[in-house]
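Quick note on this note's numbering: the first sequence kicks off at 1339 and runs consecutively.
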Amino acid sequence: MVTVREETRKGPWTEQEDMQLVCTVRIFGDRRWDFIAQVSGLNRTGKSCRLRWVNYLHPGLKHGHMSPQEERLIIELHARWGKRWSRIARRLPGRTDNEIKNYWRTHMRKKAQERKMNMSPSSSSSSLTYLSCLLDTAPIIGMGSGDNHNGSCVTSTLESTQSVMDGYPMDQIWREIEIPQAPALLGIAEGKDKVCSSIPPSAITCYLGLQMP
DNA sequence: AAGCACCCCAACCGCGGATAA
DNA sequence: ATTATCCGCGGTTGGGGTGCT
């Protein structure tokens, strides 16, 4: 016997849904999203559940403005890896690929526009956009610390600028990049058992409630 | 105060890769 | 070896918020 299923819900998540999802993930873990979607009672797709968890409910996520360190890291890693947002996100504990992607789109587009405005119309601009934006935002030095073997050509170009990064040497960033998890840099620790203040209070209540019988 | 334009971000979509059957 | 299913990624969009006129 098959119960008539309502149409799958879409759109913004409610507090109630968040609670349900957090509770379910707490019990079954953050795998098998189709299963989680079913047993949670949420009329959502597994995909939607996963996205909500990864981008919003996951403990350890931090929201709010990017720090200058994070901003520079994003710029550098983007120069290295391009639009591999998930890969970049792994180097920024507490940040999601979606967040970084959005950040890049908005902030870097703005930077590029500003840069364009500042350039005289006569100067050639065909190769200017992205790279000039990078140079504008994060002049880089000290890249030759033995880690540029897989760097992109953009990185090489940056390396040759001989510019000075204001107060945050690039080799320091590289050192921090080398550490898989760099909580010291960003001031947070990664881990599923850490509850972050950015999680909705209701969801936290549920989360903690399940930990304490 | 109202209308408009722009910005930001959460969420969806489609696709490709990985894994299970 | 093949097929089906699931997962994760990158691109895109829609709506709410905010600032400007």
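Cβ coordinates follow ideal geometry from the N, Cα and C atoms, glycine included.
The alpha helix (DSSP H) spanning residue i covers which residue range?
i	result
Ser1424	Trp1423 to Arg1428
Lys1385	Gly1384 to Arg1390
Asp1553	In the structure as shown, the chain begins at 1339 and stops at 1551. Residue 1553 is therefore absent and cannot be evaluated.
Asn1436	Asp1435 to Tyr1441
Leu1411	Pro1406 to Trp1419
If you check the beta carbons only, do residue i and residue j fall under 9 angstroms apart?
i	j	result
Asn1436	Val1392	yes
Asp1356	Arg1410	no
Trp1371	Arg1388	yes
Met1404	Arg1433	yes
Assuming the contact rule is C-beta atoms closer than 8 angstroms, residue i and residue j should be a hit. Round their C-beta distance to whole Å, please.
i	j	result
Leu1359	Leu1395	6 angstroms
Counting pairs of beta carbons, one from the region 1415 to 1425 and one from the region 1367 to 1384, are three or more of them closer than 8 angstroms?
no
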